[in-house]
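Worksheet for the structure shown next.
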Amino acid sequence: MAKTIGILTSGGDCAGLNAVMRAVVHRADMLGWTVLGIGNGTAGLLETPRKLKRLTPQEFDGFAMRRGGTILGTTNSKDPFHYPMPDGSNKDRSDELIAALKEEGIEALIGIGGDGSFDILHRLAKQGGINMVGIPKTIDNDLAMTDLSVGFDTAVMIATEALDRLQPTAASHDRVMILEVMGRDAGHIALNAGIAGGADVILIPEIPYTIEAIAEKIKSVKEDGRNFALMIVSEAVKSPSGEKREVVYHGGETRYGGIGEYLGPKIAEATGFETRVTVLGHVQRGSSPTHNDRLLAQALGVKAVDLINEGAFGKMVAWQNRQAVGVPVEDAIKVCRTVDPQGFLVHTARSLGVSFGD
Ligand code: F6P
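Number 246 in my numbering belongs to position 245 of the sequence shown; there are no gaps in the numbering.
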């Protein structure tokens, strides 16, 4: 009898998740494993009936790899250790989840997630002796130990394209355009897209800024004869006095949002130039994956199954030096990998005349 790998997507979605599954399913089939998809992260095993779906190579032959999102569904609000119950309370359902994994005959579990998901899966693995391997995905690209996470390249492509689209309208109207992009606690999307999209100002949470320094840069752009300026700001950037800009959603959950709208009038006042703000939001997560994300996703997917087949568990598959390698999952979640203000990409941007507002 073939042994079973369970696979789930967890946390915020991104482009490339279905491409990971394609690789896992094909490699598993080749090595004699079957693959069981678990719906909605770990929550699919706590629902009645359980949300499970056998994944076959045939299903991943044609379209799935090209599609954004995740065909399994995902959630970032159903932590099994604090599971939200219908009466509004939270319950530890981790033992139920471990029992469900065993009842379903899942001998190894692949979690495609970010740091929050890996923390939960790692604790479950320790508690229940689960054979777990993680595959990194997050548009934020903030996981330690891996150069890249699935979904980042596509998000940067979308943000770059947004700057490309803002440039002609900025030039037509003599305006400063501010683009707010995602990145919970790390400025990788803003930095990468800012360089690729020719931003004049890049604001990231890792580098403190002042309105005066931003205004000085924008005025100098105009004095040099250009009639517009482009600025990209990461959602996690705080106000100059250190306040987070957040949106409160129904149920009290908070997410970053609002720094662009906060800065717009201040930049307009300090420069005297018309300023408009665009918030890119979840558009950054919903697209067919770029070729880089498809390649990364499938390389990491194959490696995850290889590790399982070798019995190497408790690992995250990382992309290092153009290779997929297994690293201890606890090393990947220890710290959030933020932008290094002394790093080469910041140096590159500064060398191109970009201001970080500092
Ligand atoms: O972590 C990925 C991410 O897209 C962040 O960049 C963003 O801050 C957050 O998720 C948004 O979360 P939600 O989908 O719950 O609004």
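Even for Gly, the Cβ is constructed at its ideal location relative to N, Cα and C.
My understanding is that residue i touches residue j, with C-beta atoms under 8 Å, so please give their C-beta distance in whole angstroms.
i, j, result
"L98", "L46", "6 Å"
"A191", "V182", "5 Å"
"G63", "K52", "With 8 Å as the limit, G63 and K52 do not qualify as a contact, their Cβ atoms being about 23 Å apart."
"Y257", "R185", "6 Å"
"V330", "G135", "5 Å"
"S356", "I215", "7 Å"
"A305", "I111", "5 Å"
Measuring from the CB of residue i, is there a heavy atom of the ligand SAH at a distance below 7 Å?
i, result
"G33", "The ligand SAH is absent from the structure shown, which contains only the ligand F6P."
Tell me the rounded alpha-carbon separation between residue i and residue j.
i, j, result
"A24", "V303", "6 Å"
"L9", "T57", "15 Å"
"I131", "V36", "16 Å"
"C337", "Y84", "24 Å"
"V177", "Q128", "53 Å"
"G344", "I208", "12 Å"
"D341", "A3", "46 Å"
"V157", "Y210", "23 Å"
"M86", "K92", "7 Å"
"V222", "A160", "22 Å"
"A325", "D143", "17 Å"
"D332", "A29", "26 Å"
"N322", "R286", "26 Å"
"G226", "E217", "15 Å"
"E213", "Y263", "15 Å"
"G198", "K103", "49 Å"
"R246", "A145", "25 Å"
"I140", "P50", "32 Å"
"G89", "S240", "34 Å"
"S11", "I196", "30 Å"
"G42", "L32", "25 Å"
"G360", "K267", "With the chain covering only 2 through 359, there is no way to say anything about residue 360."
"A313", "D307", "9 Å"
"E270", "L180", "18 Å"
"K138", "G38", "17 Å"
"E224", "S288", "38 Å"
"E311", "G252", "44 Å"
"L122", "R277", "42 Å"
"E48", "S352", "54 Å"
"I113", "M317", "10 Å"
"Q59", "R68", "16 Å"
Excluding the 5 residues flanking residue i on each side, which residues of the same chain have their C-beta closer than 7 Å to its C-beta?
i, result
"R295", "G17, A20 and M66"
"K220", "T272"
"A194", "V157, A160, T161, L164, V182 and I233"
"G315", "A126, M133, P329 and V330"
Just tell me which of the options has its CA closest to the CA of residue i.
i, options, result
"T5", "W34, V26, S11 and G13", "W34"
"G265", "Y257, S242, M232 and Q321", "M232"
"R55", "G42, L73, G69 and F64", "L73"
"T279", "L301, L204, E213 and A163", "A163"
"A200", "G287, T255, A350 and E48", "A350"
"E275", "H174, T161 and I212", "H174"
"N293", "A230, L102, D154 and M133", "D154"
"G152", "A126, S11 and P290", "P290"
"T339", "G312, T147 and L301", "T147"
"G243", "P206, R277, E270 and G252", "P206"
"H283", "H189, E236 and L353", "E236"
"G188", "E48, G354, K138 and V347", "V347"
"R166", "M317, L281, I113 and L122", "L281"
Going by beta carbon distance, what residues of the same chain come within less than 6 Å of residue i, once the five residues before and after it are set aside?
i, result
"I334", "D116, F119 and D120"
"G70", "D14"
"L204", "Y210, V234, V238 and G358"
"Q168", "none"
"A109", "I6, N132 and I309"
"F82", "D93 and S95"
"A319", "M146, T147, V326 and V328"
"A230", "V177, D201, I219 and V222"
"A44", "T76 and K79"
"A298", "G17, A20, V21 and V151"
By Cβ distance below 8 Å, which residues in the same chain neighbour residue i in space, the five residues on each side in sequence not counted?
i, result
"F61", "N19, M22, R23, V26 and H27"
"V248", "T255, R256, Y257, G258 and G259"
"R124", "F82 and S95"
"G354", "D201"
"N228", "A172 and D175"
"A101", "L46, L47 and R51"
- Message: Could you tell me which whole beta strand (DSSP E) segments of length 3 or greater appear in the segment 260–329?
- Response: 276–280, 316–321 and 324–329
- Item | Every unbroken beta strand (DSSP E) inside the segment 103–174 [3 residues or more] | 107–114 and 133–137
- Task: Quick one: which unbroken alpha helix (DSSP H) runs of 4-plus residues sit fully inside the segment 180–237? Chain order, please.
- Result: 189–197 and 212–224
- For the segment 32–72, list the beta strand (DSSP E) runs that are entirely contained and at least 3 residues long, ordered along the chain. 34–39 and 53–56
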